[in-house]
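Numbered according to our numbering, the sequence shown terminates at residue 179, and the numbering increases by one at each position without gaps. Read through the structure below, which is laid out as structure tokens, and then see the notes.
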Amino acid sequence: MSYAPDLEFLERLLYASGPSGFEEAAEREGLPYTLHAHGRWSGTDADEVAKVREGIPTGIVSIPLRYMHSPVEMVDLKDVKRAVGLLAAFVAGV
């Protein structure tokens with residue numbers, strides 16, 4: 086499987102103030118990533134966070150997987166490590 090972590094953004098907040106901290110962290114560390122914009126909602130808790138007050142810039146880091154919500158859900162360990170590396174780089178840069 087082995088793909089890059091998927092950086093997801095809610096469309097109404099996408100690039101409101103330039104590239105996200107996640108993108109900057111990935112570029113800084115040389116980590117691969119893909120972008121995905123949601124039109125209205127993502128189906129995650131990020132939807133509610135993004136609506137608070139004036140809107141909180143909200144991003145989602147997803148790990149590529151197969152057979153979600155089933156007993157045989159699969160991920161590639163490389164993808165998990167890349168996502169962890171991306172989150173660590175983001176937090177280190179805050």
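Even glycine gets a Cβ: it sits at the ideal position worked out from N, Cα and C. Because the structure is a prediction, the values reported are computed rather than measured.
Cβ pair Leu92, Arg167 closer than 8 Å: no
Same chain only: Cβ atoms within 6 Å of Tyr118, ignoring 5 sequence neighbours per side: Ala89, Pro90, Leu92, Ala111
Where Leu171 falls, given that 16 or more other Cβ within 10 Å makes a residue buried: buried
Same chain only: Cβ atoms within 8 Å of Ala174, ignoring 5 sequence neighbours per side: Ala110, Ala111, Arg113, Glu114, Leu116
Presumed contact (8 Å Cβ cut-off) between Ile148 and Val160, rounded CB distance: 6 Å
Reduced DSSP category for Asp132 - H, G, I as helix; E, B as strand; rest coil: helix
Bounding residues of the alpha helix (DSSP H) (the contiguous stretch that carries Val157): No alpha helix (DSSP H) contains Val157, which DSSP labels as neither H nor E.
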